[in-house]
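Worksheet: one structure, shown below.
Residue numbers (this note's numbering): 3 to 563.
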């Protein structure tokens with residue numbers, strides 16, 4: 003329960019530090035008595051506008067209607083969403099102001115209960131019982147910090163990462179109290195802006211002052227991005243050795259191992275992380291997928307079932323867990339549960355892509371359980387869909403579909419699918435290795451190698467023709483060529499980036515054009531949807547924004563194939 007001491011002069015002085023009377027509050031707890039105690043404590047601090055919610059679902063509904071300045075949310079909310087899931091959904095759906103304060107209230111001190119997703123942490127934790135003095139101290143501390151980061155967070159939300167980074171520098175110059183946190187944010191922004199060297203300089207500056215694990219982990223991420231996997235592995239392992247609860251380092255170490263092709267090591271790391279923090283939907287999904295790839299059916303089943311369980315009320319809920327578990331059931335010859343899971347997946351997640359993936363998984367389940375006749379039937383239906391449509395699914399789905407079609411005896415359509423994947427990812431060597439393995443498994447190793455080479459050349463030639471037109475000053479022709487290239491290869495990141503760069507160059511030299519500006523914006527947002535956090539995204543967005551009021555700045559050097 004909340005201790006309610008008699009207010010003293012010191013407390014009254016602190017209350018005046020921030021005008022708490024005019025702010026909007028939301029108290030979320032499944033027990034009415036606790037809600038009333040929290041409400042009374044807030045009233046004693048001067049609060050007037052206090053709303054209450056008794057469940058996670060009710061809290062989300064209220065957050066969708068009203069922008070609250072302060073949220074006090076209990077971790078355990080009974081049936082439905084817990085407090086962490088409410089916070090995650092509020093952040094994903096942008097239901098909070100950049101200045102909003104989120105205090106997570108809990109009676110539990112266990113590590114598991116307070117370890118959520120790294121990117122969706124509350125501003126502070128309050129362990130029951132809570133005194134008004136503790137509540138006020140935390141509110142004041144977090145509120146003042148929020149004001150420092152308010153404009154930075156707003157620019158971040160608008161994906162204007164370079165402007166946000168400049169704001170960090172301004173705040174550092176005038177606010178030494180939060181210097182380390184501002185530097186941490188700046189480094190993160192530099193990475194998102196495609197400036198890894200500046201991010202590295204920031205992390206190294208921090209480490210000269212103090213041995214922060216987050217700065218070491220940041221340097222390791224840069225190493226991983228640069229393909230220096232062994233150095234990244236050593237650094238992530240060093241961070242974990244210093245702090246076994248630094249969960250993000252486990253996730254990044256697992257990604258590093260996967261990039262090195264060491265899936266067994268990645269699986270072991272994810273298993274350790276899942277034991278420490280088992281309530282991450284995305285981590286359990288990753289563990290299930292890696293385990294399934296390794297043929298560890300038992301671990302895959304455990305991870306996918308846990309993923310479905312904890313994802314029931316989470317905004318992170320993923321259909322991958324249902325398809326993964328269906329595959330597990332197929333390997334265990336439990337076709338009945340597998341098909342039930344596929345029906346459930348289509349009911350829980352709508353869309354044509356879900357139906358397509360469900361049919362692919364159905365074929366795989368039949369094939370893996372030994373029902374080759376039904377597997378062939380599913381493959382034939384999918385082959386007809388491919389022949390009758392010019393559209394192609396995303397890369398992972400293409401790989402799964404090609405694998406199934408090869409396994410049930412088709413040849414032309416899976417070859418066409420894999421060539422499409424190669425052309426759209428012609429410089430992704432790890433993915434090309436996965437494609438080669440599919441060809442090898444289909445007893446087409448040499449032919450697959452030749453197809454990969456020819457498809458890569460075709461994509462590179464297509465892109466370089468547009469670059470050549472640009473370099474010779476034929477800007478309208480270059481824009482038109484790259485527009486056509488995008489239609490042929492709609493998910494090739496290099497083509498998309500160079501297409502946007504050529505449009506920007508066109509406007510810089512020939513004047514701003516609203517239609518071209520809208521086209522470039524659409525291209526860049528498509529890139530960010532395919533693979534967020536790409537290095538050139540922020541730079542090109544900044545160049546594009548600078549063209550709105552005036553034209554004339556030179557475009558950056560294009561990236562030829």
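For each residue, glycine too, the CB sits at the ideal point set by N, CA and C.
Query, Result
"Closer than 6 Å by C-beta to residue 189: which residues in its own chain qualify, once you throw out the five before and the five after it? Chain order, please.", "201, 204, 205, 220"
"List the residues that DSSP assigns as beta-bridge partners of residue 107.", "76, 128"
"When the Cα atoms are used, what is the spatial distance from residue 267 to residue 325?", "24 Å"
"So residue 54 is in the alpha helix (DSSP H); what residue range does that whole segment cover?", "Per DSSP, residue 54 belongs to no alpha helix (DSSP H); it is in the beta strand (DSSP E), 51-55."
"Quick one, which of 323, 436, 420 has its alpha-carbon nearest residue 394's?", "420"
"Excluding the 5 residues flanking residue 227 on each side, which residues of the same chain have their C-beta closer than 7 Å to its C-beta?", "198"
"Can you name the start and end residues of the beta strand (DSSP E) that residue 406 belongs to?", "Segment 397-409 is the alpha helix (DSSP H) holding residue 406; no beta strand (DSSP E) there."
"Could you check what DSSP says for residue 28 in three-state terms: helix, strand or coil?", "strand"
"Please identify the residue among 492, 519, 547 whose C-alpha is closest to the C-alpha of residue 528.", "492"
"Closest to residue 568 by C-alpha separation, out of 78, 399, 44, would be which residue?", "Residue 568 cannot be examined here, being either before or after the span of the chain that is shown, 3 to 563."
"Under 8 Å: do the stretch 383-398 and the stretch 357-370 share three or more Cβ pairs, one atom per stretch?", "yes"
"Residue 187 lies in the alpha helix (DSSP H); which residues open and close that run?", "181-194"
"Considering Cα atoms alone, identify which of 166, 163, 149, 162 is closest to residue 179.", "149"
"Please go through the same chain and pick out, in chain order, the residues whose beta-carbon is closer than 6 Å to the beta-carbon of residue 371, but skip the five residues on each side of it.", "332, 335, 337"
"Using the Cα positions of residue 269 and residue 303, report the straight-line distance between them to the nearest angstrom.", "14 Å"
"Have a look at residue 329 and residue 273 and give me their C-alpha separation to the nearest angstrom.", "20 Å"
"May I ask you to report which of helix, strand or coil DSSP gives residue 68?", "coil"
"If you drop the 5 nearest sequence neighbours on each side, which residues of the same chain put their C-beta closer than 8 Å to that of residue 288?", "253, 256, 272"
"Give every residue of the same chain whose Cβ lies closer than 8 Å to the Cβ of residue 171, excluding the five residues on either side of it in the sequence, and list them in chain order.", "188"
"Residue range of the alpha helix (DSSP H) that residue 514 falls in?", "Careful: residue 514 lies outside any alpha helix (DSSP H) and carries neither H nor E."
"Quick one: give me the first and last residue of the alpha helix (DSSP H) that residue 252 is part of.", "249-261"
"Our contact map puts residue 501 next to residue 487 with C-beta atoms below 8 Å; I'd like the distance itself, whole angstroms only.", "7 Å"
"Kindly give me the distance between the Cβ atoms of residue 381 and residue 406, rounded to whole angstroms, as I take these residues to be in contact under 8 Å.", "6 Å"
"Starting from residue 387, trace the alpha helix (DSSP H) both ways and give me its first and last residue.", "374-389"
"Please give the ranges of any alpha helix (DSSP H) in the stretch 305-383, keeping only runs that are unbroken, at least 4 residues long and fully inside the region.", "321-333, 337-350, 354-370"
"How should residue 516 be labelled, buried or exposed, when 16 other C-beta atoms within 10 angstroms of its C-beta is the threshold for buried?", "exposed"
"Please name the residue, chosen from 144, 161, 196, 160, that lies closest to residue 183 on a Cα-to-Cα basis.", "144"
"Residue 27 and residue 74 - do their beta-carbons sit closer together than 9 Å?", "yes"
"Using a Cβ-Cβ cutoff of less than 6 Å, which residues in the same chain neighbour residue 369 once the five nearest sequence positions on both sides are dropped?", "377, 409"
"Roughly how far, in whole angstroms, is the beta-carbon of residue 90 from the beta-carbon of residue 317, given that I think they are within contact range, below 8 Å?", "6 Å"
"When the cut-off is 9 Å and only beta carbons count, does residue 421 lie next to chain B?", "Absence of chain B from the displayed structure is noted, only one protein chain being present."
"Comparing C-alpha positions only, which one of 22, 245, 445, 59 sits nearest to residue 218?", "245"
"Nearest to residue 508 by CA position, among 481, 497, 530, 496, is which residue?", "481"
"Report the residue from 109, 23, 42, 479 whose alpha carbon sits nearest the alpha carbon of residue 49.", "23"
"Grab the span of the alpha helix (DSSP H) containing residue 200 for me, first residue to last.", "198-211"
"Which residues bound the alpha helix (DSSP H) around residue 443?", "431-443"
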